Amino acid sequence: MVPAGTARTAGSTLHRLRDLDEPVLVDCPAGASPAAADPLRIADETALVSTAHPESLVDVAKTAAIARTLGTPPVGAVLTRTARSHPVGSLLDCPLLGTVPDVADDALGASAVRSAYRSVATTLLEQNT
Numbered sequence: 132m133v134p135a136g137t138a139r140t141a142g143s144t145l146h147r148l149r150d151l152d153e154p155v156l157v158d159c160p161a162g163a164s165p166a167a168a169d170p171l172r173i174a175d176e177t178a179l180v181s182t183a184h185p186e187s188l189v190d191v192a193k194t195a196a197i198a199r200t201l202g203t204p205p206v207g208a209v210l211t212r213t214a215r216s217h218p219v220g221s222l223l224d225c226p227l228l229g230t231v232p233d234v235a236d237d238a239l240g241a242s243a244v245r246s247a248y249r250s251v252a253t254t255l256l257e258q259n260t
């Protein structure tokens, strides 16, 4: 996983990553800004990640719409910091790949969080093989 970078460097960096023979996840901001749209222009597929907070879902819905416009429709969504599934499929027009629980401390060290991300990664890899 790599960050999208700045608008000035994102394009050249992402074009170099296209030559890799393995999946690359690029962490981009949500919304409709150039920082969100520029990486989507280069992407083969889009996976949406958001919290279940209404404001976050509005932003990620904008990202989903832009991704479709740019020809990289979302293959699915992941909701973080939530203990339960939410009906986001109709809002984002893609399947919910999984949820990641909210934990108080050391989120990446928590076995439930690692397990949730591993499950999502497995689902994504299975969809792409």
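This note's numbering numbers the first residue of the sequence shown as 132 and each following residue consecutively.
Glycine residues also receive a C-beta, built at the ideal position from the N, C-alpha and C atoms.
Fair warning: this is a prediction, and the values are worked out from it, not measured in the lab.
Spatial neighbours of residue i in its chain, beta-carbon cut-off 6 Å, leaving aside the 5 residues before and after
| i | result |
| --- | --- |
| Thr194 | Ala161 and Ala167 |
| Val251 | Val209, Leu228 and Gly229 |
| Val263 | No answer is possible for residue 263: the residues shown for the chain start at 132 and end at 260. |
| Ala174 | Thr203 |
| Ala243 | Pro232 |
| Thr177 | Ala198, Thr203 and Pro205 |
| Leu201 | Leu171 and Arg172 |
Buried or exposed (CB count within 10 angstroms, at least 16 for buried), residue i
| i | result |
| --- | --- |
| Val219 | buried |
| Leu255 | buried |
| Asp169 | buried |
| Glu257 | exposed |
Neighbourhood of residue i by C-beta distance below 7 Å, restricted to the same chain and skipping five residues each side
| i | result |
| --- | --- |
| Leu188 | Ser181, Val219 and Leu222 |
| Ala163 | Lys193 and Ile197 |
| Asp224 | Ala195 |
| Ala247 | Gly229, Thr230, Val231 and Pro232 |
| His217 | Ala183 and Leu210 |
Other residues of its chain near residue i: CB distance less than 8 Å, five sequence neighbours each side excluded
| i | result |
| --- | --- |
| Val133 | In this prediction, Val133 has a pLDDT of 48, which is less than 50 and means its spatial position is unreliable; nothing more can be read from the coordinates. |
| Ala214 | Thr230, Pro232 and Asp233 |
| Arg249 | none |
| His146 | Ile173 |
Test item: CB-CB of residue i and residue j under 7 Å
| i | j | result |
| --- | --- | --- |
| Ala241 | Val231 | no |
| Leu151 | Thr203 | no |
Opening and closing residue of the beta strand (DSSP E) in which residue i lies
| i | result |
| --- | --- |
| Val209 | Pro205 to Thr211 |
| Ser181 | Thr177 to Thr182 |
| Leu255 | Leu255 -> not in any beta strand (DSSP E); alpha helix (DSSP H) instead, spanning Ser242 to Gln258. |
| Leu227 | Leu227 to Val231 |
Residue interval of the alpha helix (DSSP H) (run including residue i)
| i | result |
| --- | --- |
| Val189 | Pro185 to Thr200 |
| Leu222 | Gly220 to Leu223 |
Residue i Cβ short of 6 Å to the ligand HEM heavy atom set
| i | result |
| --- | --- |
| Pro165 | The ligand HEM is not part of this structure, which contains no ligands at all. |
May I ask you to verify whether the segment 180-189 touches the segment 204-211, counting CB pairs closer than 8 Å and requiring at least 3?
-> yes
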